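These protein sequence lines are chains A and B, in that order. Position 83 (the first sequence) corresponds to 83 in the working numbering; numbering is contiguous. Position 1 (the second sequence) corresponds to 137 in the working numbering; numbering is contiguous. We put the CB at the ideal spot given by N, CA and C, even for glycine. Note that the structure is a prediction, hence the values are computed from the model and not measured. Before any comments, here is the structure.
Number of protein chains: 2
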Amino acid sequence: MKKYLDKLKKNNLKITSKRVAILELLERSGEALSPEDIRNELAAKFEKVSYPSVYKNLEDMSRIGVLAKIARPDRRLYYALCRAREDKHHHHIICSKCGKVGEVEECDLFRRKVINGYRITSHFLQLEGICSDCGK
Amino acid sequence: MKKYLDKLKKNNLKITSKRVAILELLERSGEALSPEDIRNELAAKFEKVSYPSVYKNLEDMSRIGVLAKIARPDRRLYYALCRAREDKHHHHIICSKCGKVGEVEECDLFRRKVINGYRITSHFLQLEGICSDCGK
DNA sequence: CCTTAATTAGAAATGATTTCTATTTATACC
DNA sequence: GGTATAAATAGAAATCATTTCTAATTAAGG
Numbered sequence: 001m002k003k004y005l006d007k008l009k010k011n012n013l014k015i016t017s018k019r020v021a022i023l024e025l026l027e028r029s030g031e032a033l034s035p036e037d038i039r040n041e042l043a044a045k046f047e048k049v050s051y052p053s054v055y056k057n058l059e060d061m062s063r064i065g066v067l068a069k070i071a072r073p074d075r076r077l078y079y080a081l082c083r084a085r086e087d088k089h090h091h092h093i094i095c096s097k098c099g100k101v102g103e104v105e106e107c108d109l110f111r112r113k114v115i116n117g118y119r120i121t122s123h124f125l126q127l128e129g130i131c132s133d134c135g136k
Numbered sequence: 137m138k139k140y141l142d143k144l145k146k147n148n149l150k151i152t153s154k155r156v157a158i159l160e161l162l163e164r165s166g167e168a169l170s171p172e173d174i175r176n177e178l179a180a181k182f183e184k185v186s187y188p189s190v191y192k193n194l195e196d197m198s199r200i201g202v203l204a205k206i207a208r209p210d211r212r213l214y215y216a217l218c219r220a221r222e223d224k225h226h227h228h229i230i231c232s233k234c235g236k237v238g239e240v241e242e243c244d245l246f247r248r249k250v251i252n253g254y255r256i257t258s259h260f261l262q263l264e265g266i267c268s269d270c271g272k
């Protein structure tokens, strides 16, 4: 958490309770969440949470590289903690029934620099399935 | 072009002048275009072109696999002709600068039945990068 | 041709995101 | 610790890509 807050300071973004709560939520969940998801979670913790400040915080924090912004075919934007340094490269798989999220490390796209003439700048992989509990 | 029209027929989509014009436009441009781009191009050719039918055509044709739908961080949807061999599993990569779309066949996830205990039901992979022309 | 179901245009609605503005708050400096 | 000030915030209203609704038109099979 400290390294994210340091990065905020370094970029002249103040350490506000809302920003800390957003970062903690994204760290805890490990998923890409929508602004609406995030506002709803924060609403349980704070008396007042406005959409504009949630949107602005997500945008500001992704601009400085603390968060990753993800575009999906539902035309909504999703945000996830950018864990650039730590951990292994991975993606998430979501259980269609219970919503449980697991990690998928079988992805070697991050090693590829060029595919079919394109120098890759980003890739987004999303998996859906039935987890072992629900599949019994 | 014929193979696209055949696929429309096979899926009970009629061969209308608007659909043909959309396919020709996408084939000619080779890029992923927005519904707005497409409507504007068509407006030069037809007296009347409504947004709802452009949107519906793009959605219908991507549903049956003739077009690929691409979500980008500007929160708009883009559509490109799906040129890969029909039966070959593939994904798409879009150039961040010029919008050119290429096919990516290096994906072996579709062969995996189970990952990390999850029985996979679907996966979505989207790549972004700089194409060879723009990278010069 | 004729019939019928699909397609279309236009107007209005939708809903995620953004803008605007006045108030509050974090932080640098004393 | 107190204060100035620039950033952050909430709430109301606006924006704009996309969708819904409806009646008129059209493709395609018989």
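Pairwise C-alpha distance: residue j and residue i
{"i": "Lys7/A", "j": "Ile64/A", "result": "8 Å"}
{"i": "Asp37/A", "j": "Cys231/B", "result": "30 Å"}
{"i": "Leu261/B", "j": "Leu125/A", "result": "4 Å"}
{"i": "Arg212/B", "j": "Lys48/A", "result": "30 Å"}
{"i": "Arg85/A", "j": "Met1/A", "result": "At Arg85/A the pLDDT is 48, less than 50, meaning the model places this residue with poor confidence; the figure from the coordinates comes in the next sentence. The straight-line gap from Cα to Cα measures roughly 13 Å."}
{"i": "Ser29/A", "j": "Leu23/A", "result": "10 Å"}
{"i": "Glu242/B", "j": "Lys181/B", "result": "39 Å"}
{"i": "Leu169/B", "j": "Ile266/B", "result": "17 Å"}
{"i": "His225/B", "j": "His89/A", "result": "23 Å"}
{"i": "Asn147/B", "j": "Asn11/A", "result": "53 Å"}
{"i": "Ser268/B", "j": "Ser132/A", "result": "43 Å"}
{"i": "Lys136/A", "j": "Arg248/B", "result": "19 Å"}
{"i": "Tyr214/B", "j": "Cys134/A", "result": "35 Å"}
Span of the alpha helix (DSSP H) around residue i
{"i": "Ser122/A", "result": "It is not in any alpha helix (DSSP H) - Ser122/A instead sits in the beta strand (DSSP E) that spans 118-130."}
{"i": "Ala180/B", "result": "Note, Ala180/B: premise wrong, no alpha helix (DSSP H); not H, not E."}
{"i": "Ala157/B", "result": "153-165"}
{"i": "Glu195/B", "result": "187-199"}
{"i": "Leu8/A", "result": "2-10"}
8 Å Cβ cutoff, residue i in contact with chain A
{"i": "Gly265/B", "result": "yes"}
{"i": "Ser232/B", "result": "yes"}
{"i": "Ala207/B", "result": "yes"}
{"i": "Glu172/B", "result": "no"}
{"i": "Ile229/B", "result": "yes"}
{"i": "Val190/B", "result": "no"}
{"i": "Gly271/B", "result": "yes"}
{"i": "Ser165/B", "result": "no"}
{"i": "Glu242/B", "result": "yes"}
{"i": "Ser268/B", "result": "yes"}
Beta carbon proximity, residue i to chain B, threshold 8 Å
{"i": "Gly117/A", "result": "yes"}
{"i": "Leu125/A", "result": "yes"}
{"i": "Leu143/A", "result": "No answer is possible for residue 143/A: it lies beyond the span of chain A, which begins at 1 and ends at 136."}
{"i": "Thr121/A", "result": "yes"}
{"i": "Arg85/A", "result": "Note that Arg85/A has pLDDT 48, beneath the 50 cutoff, so the model's placement of it is unreliable and no number is given."}
{"i": "Gly102/A", "result": "yes"}
{"i": "Glu47/A", "result": "no"}
{"i": "Leu58/A", "result": "no"}
Residue j beta carbon less than 8 Å from that of residue i
{"i": "Ala68/A", "j": "Leu42/A", "result": "no"}
{"i": "Glu264/B", "j": "Thr16/A", "result": "no"}
{"i": "Tyr140/B", "j": "Val202/B", "result": "yes"}
{"i": "Glu239/B", "j": "Asn116/A", "result": "yes"}
{"i": "Lys167/B", "j": "Ala207/B", "result": "The question names Lys, yet the displayed sequence has Glu at residue 167/B. Cβ atoms of Glu167/B and Ala207/B: not closer than 8 Å."}
{"i": "Asn193/B", "j": "Arg155/B", "result": "yes"}
{"i": "Leu245/B", "j": "His259/B", "result": "yes"}
{"i": "Pro171/B", "j": "Val190/B", "result": "yes"}
{"i": "Leu25/A", "j": "Asp60/A", "result": "no"}
Limits of the beta strand (DSSP E) - the one that residue i falls within
{"i": "Ile206/B", "result": "203-207"}
{"i": "Ile229/B", "result": "227-231"}
{"i": "Leu217/B", "result": "213-217"}
{"i": "Glu105/A", "result": "That residue, Glu105/A, is in no beta strand (DSSP E); it is neither H nor E in DSSP."}
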